[in-house]
Amino acid sequence: MKNGGFINLSNDLAECKISLWSANLISYRPKSQDHDVFWLGDLNKFDNIHAIRGGVPVCWPRFAEEKLNGELPRHGFARLSGWTVKNVCAGKNSAEAELSLVPDEKYGVNAAANLRIRLTDKLEYRLETINHGDEVFEFSEALHAYFNLGCRDEAEIRGLSGYRYKSSLDGKIYTQEGNLRIREEFDAAFLNHRGTVEIVDPVLNRIISVEKSGSDITVVWNPDKDLAEMSEGQYKKFVCVEPANQGDSFVRLQPKEKHQIAMTVQIKELK
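Be aware that the sequence shown starts at 75, since it is given in the working numbering, and climbs by one per residue.
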């Protein structure tokens, strides 16, 4: 149901909250869980001006400060725009919402974005881009998911071992050996990674499984410091694991073509 600037979705299995500003999924909790799956900055303004820190910001049609579409805002304008609700429905064991974004004329982008969020015993999240123009449309994108942790220093990320990654901190290429543990600033794009990632959280006694499609890059990030939207020490309560297409893996859409990037998030008990 719509509630002011938000959509609240709920069924017998899970509940979530979506901001119409930026189409940010700011909360998702299976009803078997005491803790939200996503982290949200305590000091967000929710003023329909600033981007929301936390949840799942939509980075589209530009990721970070890439040269591609360099005239657009950092991380694109999707997270700085109001989205239109296309459909909301809920039943006993499922609920879903669809939202759309037609870019403001000032951006000069002849493409649109559609977002579908579906709750069952898991979260299904899909972003679709449609090229409405008569020319090729090139863009980068990311589902900038902030996953809630009991403690960053205790968590472990599985599914990245053996993959090469490019560090945004020094621009160098490394190979991940073993499971990833983050205890300092980390910002990297894992290259040609299309598999499932598991975030193992012994403090909250759970594993967050992130399965994805339509994505060649997985970005992992933690700033190792509090940013403007965070209360003291909040940076130690999340890790970003982001299905993405960026760098050399940007998307190139022919006129009238469509592209989808998606993730399925599921919670497992840590045994």
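All residues carry an ideal CB built from backbone N, CA and C; glycine is no exception.
C-alpha gap between residue i and residue j, whole angstroms
i, j, result
"D86", "S96", "27 Å"
"D359", "F260", "Nothing about residue 359 can be read from this structure; the chain reaches only from 75 to 345."
"D298", "E251", "21 Å"
"D244", "D300", "21 Å"
"G129", "I191", "13 Å"
"N77", "Y239", "For N77, the pLDDT reaches just 43, beneath the cut-off of 50, and the residue's location in the model is therefore unreliable, although a value from the coordinates is still provided. Rounded to the nearest angstrom, the two C-alpha atoms are 41 Å apart."
"K160", "F80", "14 Å"
"R226", "P329", "43 Å"
"S84", "K246", "44 Å"
"A229", "S289", "24 Å"
"E306", "L223", "15 Å"
"L193", "G233", "24 Å"
"K332", "V176", "15 Å"
One or two residues paired with residue i in a DSSP bridge
i, result
"W95", "G156"
"V130", "L99"
"K299", "Paired residue(s): none; K299 is not in a bridge."
"K286", "M337"
"F112", "F221"
"N161", "E172"
Residue i (DSSP reduced to helix, strand or coil)
i, result
"S323", "helix"
"R257", "coil"
"D275", "strand"
"R148", "coil"
"E228", "helix"
"E170", "strand"
"K342", "strand"
"Q334", "strand"
"E215", "strand"
"K141", "coil"
"E251", "coil"
Integer Cβ distance of residue i from residue j, believed to fall under 8 Å
i, j, result
"E179", "R280", "At roughly 45 Å, the Cβ-Cβ gap does not stay under 8 Å, so E179 and R280 are not in contact."
"Y199", "L94", "No, Y199 and L94 are not in contact; Cβ-Cβ is about 16 Å, not under 8 Å."
"I291", "A171", "Contact doesn't hold; Cβ gap of about 26 Å is too wide."
Checklist entry - Does the pairing of the stretch 123 to 136 with the stretch 211 to 219 give three or more beta-carbon distances under 8 Å? => result Proximity of the stretch 123 to 136 to the stretch 211 to 219 meets the contact definition, three or more beta-carbon pairs being nearer than 8 Å.
Checklist entry - Can we say the stretch 159 to 171 touches the stretch 120 to 129, given the rule of at least three CB pairs closer than 8 Å? => result The answer is no - the stretch 120 to 129 does not touch the stretch 159 to 171, with fewer than three Cβ pairs under 8 Å.
Checklist entry - Touch check for the stretch 262 to 277 and the stretch 180 to 188: three-plus C-beta pairs under 8 Å? => result The stretch 262 to 277 makes no contact with the stretch 180 to 188, as fewer than three CB pairs between them are under 8 Å.
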